[in-house]
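For the sequence shown, this note's numbering puts the final residue at 540, and the numbers step up evenly by one. For each residue, glycine too, the CB sits at the ideal point set by N, CA and C. Below: the structure, in structure tokens.
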Amino acid sequence: MRACARDGWPARVCAVISNRPDAAGLAFAQANGIDTAVVDHREFDSRESFDAALAREIDRFEPDLVVLAGFMRVLTDGFVEHYAGRMLNIHPSLLPLFPGLRTHQQALDAGVRVHGATVHFVTPTLDHGPIVAQGAVPVIAGDDAAALAARLLHIEHMIYPRAVRWFIEGRLTVEGERVALTPSEPQWLFADFAGEGA
Ligand code: NHR
């Protein structure tokens, strides 16, 4: 929302929709005059019926792109197919490493010295879609999951708007597992943490 306004995108955020009535993003959207809706998964007795209601709500707004942000419910194949090629997610790891939950702790437990985030097209297989952009940060001695997550969040806030804008500009093409960007520019970002990386 901020990047769209600040950088004058040829696009608008048409709605913010959450399964959680208390999501901070809803209040932020409302404060910025953007439509919101809630589809509470607890009111549905199956993933299929929740996803069907969610899709109905999304399609009311006729979006060109669906952007998952902190969305924590595994989506059914039918839902994903409905938005094939027009739904993005950001996952807080350097995929294909560490799909699923508790990614920062997974990275710490594995002892990796570089961690990151991945923007990818959403496919039925969790956290496995074609990769649009990745950003990397160092793992620093003494990090816990919260410290690592906070360092990474800055990178997420840079690469996700960039990737969404590429989509809006019609510059992304999916070729098998790979995503081409035309004209080309770096689809990666390395955090500049010079001197901090012991
Ligand atoms: N659905 C599909 N089909 N494919 C993907 O790539 C998806 C998806 C739904 C969400 C986001 C993903 C993340 O980046 C995402 C990608 C939730 C879970 C999960 O296990 C896993 C991955 C992601 C989001 N959710 C539990 C569930 O039973 C609930 C966990 C909770 O509520 O805390 O749905 O992280």
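Residue state for Q372 is assigned as helix, using DSSP reduced to three classes. At the C-beta level, I432 and A452 stay beyond 9 Å of one another. Beta-bridge analysis with DSSP links H499 to no other residue. Counting C-beta pairs with one atom in each stretch, the stretch 509-528 and the stretch 462-478 have three or more that are closer than 8 Å, which means they touch. For M414, the shortest separation between its Cβ and any heavy atom of the ligand NHR lies below 8 Å. A residue is called buried once 16 or more other Cβ atoms fall within 10 Å of its Cβ, and P503 is buried on that count.
Only buried fits G477, as 16 or more other CB atoms lie within 10 angstroms of its CB. Per the coordinates, the alpha-carbon of G350 lies some 21 Å from the alpha-carbon of F403.
Secondary structure note for T445: its alpha helix (DSSP H) is the uninterrupted segment T445 to A452. A395 sits in a helix when the DSSP states are folded into three classes.
Counting along the chain, the unbroken alpha helix (DSSP H) around E423 starts and ends at D419 to H424. Nearest in C-alpha terms to A395, of all of N374, D377, N361 and G427, is N361. In the structure shown, F509 falls within a helical segment according to DSSP collapsed to helix, strand and coil.
Between the ligand NHR and I497, a heavy atom-to-CB distance of less than 8 Å is absent. Boundaries cannot be given for A353, as no beta strand (DSSP E) includes it and DSSP labels it neither H nor E. E517 sits in a strand when the DSSP states are folded into three classes. Within the model, the alpha-carbon separation for A379 versus H499 is close to 23 Å. Residue range R344 to R348 is occupied by the alpha helix (DSSP H) that includes A345. P441 has its Cβ nearer than 8 Å to a heavy atom of the ligand NHR. Close CB contacts of F532 within its chain, under the 7 Å cut and outside five residues either way in sequence, are with A478 (chain order). L490 sits close to L450, with the two beta carbons spaced by under 9 Å.
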